[in-house]
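One structure below.
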Amino acid sequence: MPQESALKVKHIYSNFSAGKPKLLVQVSNVLRLKHYSKRTEEAYINWIKRFIIFHNKKHPLELGEKEINQYLTHLAIKENVSASTQNLALCAIIFLYKQVLKKDIGEVELTRAKKAKKLPTVFSRKEVKAIMDLLTGVNWIMAYLLYGSGLRLMECVRIRLKDIDFANNRIIIRDGKGKKDRVTILPEILKETLERHIVKVEKLHKKDLEQGFGTVYLPYALDRKYPNANKELRWQYLFPASQISLDKRTGIRRRHHTDEFASFFHLQLFQQSLFFCLAFRRICILHILNLCRTSQSSILSPVDLAVLFFLFSL
457 MPQESALKVK
467 HIYSNFSAGK
477 PKLLVQVSNV
487 LRLKHYSKRT
497 EEAYINWIKR
507 FIIFHNKKHP
517 LELGEKEINQ
527 YLTHLAIKEN
537 VSASTQNLAL
547 CAIIFLYKQV
557 LKKDIGEVEL
567 TRAKKAKKLP
577 TVFSRKEVKA
587 IMDLLTGVNW
597 IMAYLLYGSG
607 LRLMECVRIR
617 LKDIDFANNR
627 IIIRDGKGKK
637 DRVTILPEIL
647 KETLERHIVK
657 VEKLHKKDLE
667 QGFGTVYLPY
677 ALDRKYPNAN
687 KELRWQYLFP
697 ASQISLDKRT
707 GIRRRHHTDE
717 FASFFHLQLF
727 QQSLFFCLAF
737 RRICILHILN
747 LCRTSQSSIL
757 SPVDLAVLFF
767 LFSL
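By the working numbering, the letter at position 5 of the sequence shown is numbered 461, and the numbering carries on one by one without gaps.
Here is the structure:
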């Protein structure tokens, strides 16, 4: 290794001992500065850590194009990861070098793996009904929203009370995929059930406030701009967690949204028992394209249309 490079690495390690944040902390800070999501932050840090461990815990400044290609080849051949997983690891490594270490890794031709194109599996109405009949409570409501409103799982669990528009039969999705907002339909059949559910959420929120909790995470430092907004009912999650837990970012104990992994587990459990593939979002898109009316003011969700179909078939 050239003397200049060796001195640079030595300087960085001496800075760590002098109080400079460790490498992964620096990565976390840059990710938050650029408003990356919490899930992306966790994924990037995990892949960067694995990259460093793969090369016997050498500092990334000692590594370069050759070592990056070695790791990506290892993922593809030895670990047999999917194309999307390989590309995620590559994105994390590129972020480390370009955004954190500010090191040019050269004109490297890093070939990104290509995703295979596969046809989606689409439920019939009978199969959808079979799954819905097995669900109860909050899981039933969430499943109907996934199907009837075409929500992604994380979009569903992160809905705030203020984003439900009963008057106009719509749901506003904030910071969806690509940090974009969008509007989707609220199934008519769910309105009464959601109104009863919100009453329960309100009671739970009042109880939390009485016990000294009741705050909720607000994005983009809104808690500093509006100091009391994190205690307002309208900012609370539509599907709050069953228990108070510690917010890893702020260290504050509060009630988060429900666990997306638990919700997915319930849906997957019923899917496996019926030998179906989970494809709620794809079903919704196809049904909306084929069945919904052309007038925006009278659009019905697939759930509402399924009810009408059932009534007409009696």
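We put the CB at the ideal spot given by N, CA and C, even for glycine. These numbers come from a predicted model, not from an experiment.
Sufficient close CB pairs (3 or more, under 8 Å) joining the segment 589 to 607 to the segment 627 to 642: Taking 8 Å as the limit for Cβ pairs, the verdict is that the segment 627 to 642 does touch the segment 589 to 607.
Enumerate, from N- to C-terminal direction, the unbroken beta strand (DSSP E) stretches of 3 or more residues contained entirely within the segment 475 to 528. Runs found: none.
Check this for me: beta carbons of R690 and K585, under 7 Å apart or not? No, the pair does not count as a contact, with Cβ atoms beyond the cut-off.
Based on the DSSP output, what are the partners of T640 in its beta bridges? Listed as beta-bridge partners of T640 by DSSP are I627.
Which word fits I539, buried or exposed, when buried means at least 16 other C-beta atoms lie within 10 angstroms of its C-beta? This sequence places Ala at residue 539; Ile is not what is there. A539 sits exposed, since fewer than 16 C-beta atoms from the chains shown fall within 10 Å of its C-beta.
Have a look at the DSSP bridge pairing and note the partners of D621. Residue pairing for D621: DSSP places it in a beta bridge opposite R626.
Which of the three DSSP states is assigned to R616 in this structure? Reduced to three states, the DSSP call for R616 is strand.
Does the segment 576 to 585 come close enough to the segment 526 to 544 that 3 or more CB-CB pairs lie under 8 Å? The segment 526 to 544 is not in contact with the segment 576 to 585.
Buried or exposed: V483, going by 16 or more other Cβ atoms within 10 Å of its Cβ? Under this definition V483 is a buried residue.
Given that a residue counts as buried once 16 or more other Cβ atoms are within 10 Å of its Cβ, and exposed if not, what is Q542? Q542 counts as buried, since at least 16 other C-beta atoms from the protein chains shown sit within 10 angstroms of its C-beta.
Going by the beta-carbon positions, is the gap between I851 and A548 smaller than 7 Å? The requested residue 851 is not part of the displayed model; the chain covers only 457 to 770.
Run the CB neighbour count on D679, radius 10 Å, all protein chains shown included, and call it buried at 16 or more, exposed below. Buried, since its Cβ has 16 or more Cβ neighbours within 10 Å.
Suppose the cutoff is 7 Å on Cβ atoms and the five residues either side in sequence are ignored; what does the same chain contact list for L660 look like? Within the same chain, L660 has close Cβ partners P696.
Per-residue burial, G634 [other beta carbons within 10 Å of its own, 16 or more giving buried]: With fewer than 16 other Cβ atoms within 10 Å, it is exposed.
Proximity below 7 Å, CB of E611 to CB of G632: Yes. Within cutoff.
Going by DSSP, what residue range makes up the alpha helix (DSSP H) through F579? No residue range can be given for F579, since it is assigned to no alpha helix (DSSP H) and is classified by DSSP as neither H nor E.
Have a look at I708 and E688 and give me their C-alpha separation to the nearest angstrom. Distance from the CA atom of I708 to the CA atom of E688, rounded to whole angstroms, is 17 Å.
What is the DSSP secondary structure of D664, counted as helix, strand or coil? In this structure, DSSP gives D664 a helical state, which the three-state scheme calls helix.
For V613 and L694, the rounded distance between their alpha carbons: Here the C-alpha atom of L694 lies approximately 8 Å from the C-alpha atom of V613.
7 Å CB neighbourhood of E658 in its chain, flanking five on each side removed: Cβ neighbours of E658 beyond the five flanking positions: L689.
Measuring straight from C-alpha to C-alpha, what distance separates I561 and M598? The alpha-carbon atoms of I561 and M598 are separated by roughly 45 Å.
With H, G and I counted as helix, E and B as strand and the rest as coil, what does DSSP make of F551? Helix.
Assigned exposure category for V672 - 16 Cβ within 10 Å defines buried: Buried, since its Cβ has 16 or more Cβ neighbours within 10 Å.
Do you know offhand how far L674's Cα is from N686's? The straight-line gap from Cα to Cα measures roughly 7 Å.
Beta-carbon proximity list for R638, same chain, < 7 Å, skipping 5 on both sides: Around R638: I629 and G632.
For G634, three-class secondary structure by DSSP: It is helical.
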